[in-house]
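Contents: one structure, followed by commentary.
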Amino acid sequence: MESGIGNRNRIRYSASDRVFFLINGIFWTVFMFIIVYPLYLVCIASVSDPSAIVAGKVIWRPVDFSLVGYNAVMKYQEFWSSYLNSFIYTFSSVIISIAVTLTGAYAMSRPRFPGKSAINMYFVITMFFSGGLIPTFLVMKDLGFYNNPLVMVLMGCVSVWNFMVARTYIQTNIPEELYEASALDGATHFQYFFRVVLPLSKTIIAVLAVYYGVAKWNDYFTGLVYLKNRSLYPLQTVLREILATLQVDMTGDFMTTMSDDAANIAEATRIANVSKYCIIVLSTGPVVILYAFMQKYFEKGVMIGSLKG
Amino acid sequence: MTGTGGRKRSLPERFARSLQNHWQLYLLVLPAIIYFFIFNYLPLYGIQIAFKDYKAVKGIAGSPWVGLKHFQQFFKAYYFNRLITNTLLLNILNLLFSFPVPILLAVMLNQVRHQRLKRTIQTTIYVPYFISTIVLAGMLYIFLSPSSGIFNFARQAIGLQPIDYMSQASAFRPIYIISNIWQTAGYSTILYIATLTGIDPSLYEAADIDGASIFQKIRSIDLPTLVPTAMMVFILDCGKLLSSNTNKVLVMQTSGNIPTSDILGVYVYTVGLGQGQFSYTSAIGLFVNVINFVMILLVNTISKKSADIGLF
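Listed in order, the protein sequences are those of chains A and B.
Counting along the first sequence from 1, when you hit position 229 you're at 230 in the numbering used here, and nothing is skipped either side.
Counting along the second sequence from 1, when you hit position 268 you're at 594 in the numbering used here, and nothing is skipped either side.
Below is the structure:
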């Protein structure tokens, strides 16, 4: 690999190759701009003056630096209580997800034990057949999951896909010799799993944490369908009413909070407008931070999973 | 591990023995089995209400059977055509436009020679994938707003009238597809980049000796290598042609764009949960699942016959 790159560097590029590099450079400049600019715009608008945004002056950098939006969001109670809910749901759910996925994936990574292919079939079938929204809803309701915060923790906490990725990871990254050596020493599966497999699975644990954590944090639909009590809502379900709508609801909690700081309705609408940018920054922040921290493992782990899975 | 003895054991005996040896493995996989039983297999039992008239007091098992009534009602409904057309068009167009982009990105990224720059690009283009549907929709509403959105400021700057894109039926599909590419294209390159990394460097060296240009190397080494992976992704995508990203469409729907944004998934949600027509919408859900499954089988068979590439 190393020498391959070295060799290519020494090669003198032909004219057509140099044209290609030019095109590639332009291509990535444009594409990176398209990816980054919307995110950048949200960030700079969140710290700009509300009237500058409405006037269309905020394009390349913050205009009339102001924290009016963040101040307003600070006072917005429902945002923070649902923020806390989401943290609790996500944290507990990810712990359960990783525990169930990893133990199961280890068992399924063992070369043979009776009934393994049947169990594997049992998992794969769920990828192709699902009950669908309504039958699932009715069955869950019968089981007592309606308006029960447990549904937010448990639903979707194991995915077959992640299960397969974890199994492939264990199969390809933990040498079989380790198992044979442990088995000779009389180790049981439990002992082998906890003392050998678990310490060697940091990468896949990081990948699972990102996948499960992000999916849980970003999910608004489960809360929308299964929760009746607003105080149980996760963040995204609350945000749906604020962000994903054309009109600002003048009677809602959101607007009442915003108008506390405002002199009149027009001013309140402008503050509400800038607050939306702040809300996006605050709600997406944890996810991006998690990704940034796990990124080192993430790259490696995902490649392994996708290549063999 | 099993059946080490010379004599043949009876089936129950063998089963008991294997439990002795492997009970810890069964115990380790048991939580996952229970999870899928509750959240995937029990809902399958609930599908029967598609053939019943569900009454809350009688429950799933106790409601009376009505045969195919709900299916017939759906096929005859006047919005049947609109729902099917909207769903299929949205997904086919989305597949058509979204599918090639990650392949292009992976091939172009593979040609970035500066390793740190390459890593930076890779890390950055994954980021939109981690943004929630709600926030993405929120950004669309904000940026496309006729009074304070950046798109309309740009339009006004060149002397055009502002347009309320989110209320335009004709703008819905382009917005959905473009935002989908923005969010997922970078992330979807992972699979293709992994495939490209697996190419034997001696292939490139041989091509260099023959004096091949980069473009020629892409055409005769990179692209053929990506075909099996791309086919695999395509087959899986075809299994979703009737079940688009309901979550996203639901939050992008406005009273203005309903003519194009009314799709099966959203209809099942609003009519099923909103109006309590549980049996009727269960029938629609089952219909969608069956079609999706048939589609995946069909494309898999075609791809297997023509290119010998398939999922199963």
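Yeah, the Cβ is synthetic: ideal placement off N, Cα and C, and Gly gets one too.
The continuous alpha helix (DSSP H) containing I206(A) extends over residues K203 to N219. Excluding its 5 nearest sequence neighbours in each direction, G598(B) has C-beta neighbours in its own chain below 7 Å: F604 and T607, listed in chain order. Burial is judged here by how many other beta carbons sit within 10 angstroms of a residue's own beta carbon; H396(B) has at least 16 and is buried. Under the 8 Å criterion on CB atoms, G485(B) is classed as non-interfacial with respect to chain A. DSSP places K142(A) in the uninterrupted alpha helix (DSSP H) bounded by L134 to D143. By the Cβ-count criterion, D65(A) is exposed, with fewer than 16 other Cβ atoms from all chains shown falling within 10 Å of its own Cβ. Close partners of A358(B) in chain A (Cβ separation under 8 Å): V101, T102, T104, G105, F124, V159 and F164. Close CB contacts of Q482(B) within its chain, under the 7 Å cut and outside five residues either way in sequence, are with P488 (chain order). Each residue's CA atom was taken as its position, placing F80(A) and L23(A) some 47 Å apart. Counted as a single uninterrupted DSSP element, the stretch harbouring C158(A) is not any alpha helix (DSSP H), since DSSP gives it neither H nor E. Taking the beta carbon of T580(B) as reference, the chain A residues within 7 Å of it are L247, listed in sequence order. Contacts with chain B at 8 Å (Cβ-Cβ) do not include Y147(A).
Proximity of S110(A) to chain B, defined by a Cβ-Cβ separation below 8 Å, is not satisfied. Between V161(A) and S94(A), the C-beta gap is not smaller than 8 Å, which leaves the two residues out of contact.
At a cut-off of 8 Å between C-beta atoms, T137(A) counts as an interface residue with respect to chain B. Looking from the CA of A273(A), the closest CA among A73(A), V31(A), G157(A) and F138(A) belongs to A73(A). Contacts with chain B at 8 Å (Cβ-Cβ) include S131(A).
Judged by their CB atoms, T580(B) and Y595(B) are not nearer to each other than the 8 Å cut-off.
K277(A) reaches chain B at G464 and I468, counting residues in chain order whose Cβ is nearer than 7 Å.
Beta-bridge analysis with DSSP links K297(A) to no other residue. With a contact defined as Cβ atoms closer than 8 Å, I561(B) and L590(B) miss out at about 21 Å. When the alpha-carbon of T446(B) is set against those of Y221(A), W218(A) and V37(A), the nearest one is in V37(A). Residues N626, S629 and K630 of the same chain have their beta carbon placed closer than 6 Å to that of G636(B), with the five preceding and five following residues left out of the count. Your pair F401(B) and F124(A) does not check out as a contact, with CB atoms roughly 34 Å apart and the cut at 8 Å.
With the criterion set as a beta carbon lying under 9 Å from some beta carbon of chain B, the stretch 75 to 87 of chain A has no members that meet it.
A check of alpha carbon separations from A556(B) across L430(B), A387(B) and L486(B) identifies L430(B) as the nearest.
Secondary structure at K402(B): helix, using DSSP grouped into helix, strand and coil.
Against chain B, a Cβ distance below 8 Å from D143(A) picks out G385 and I386. With a threshold of 8 Å between beta carbons, Y491(B) makes no contact with chain A. Cβ contact annotation for K58(A) (same chain, cutoff 6 Å, sequence separation greater than five): V64, in chain order. When the beta-carbon positions are compared, Y77(A) and F255(A) come within less than 8 Å of each other. Contact annotation: R62(A) and M109(A) have beta-carbon atoms that are not nearer than 8 Å.
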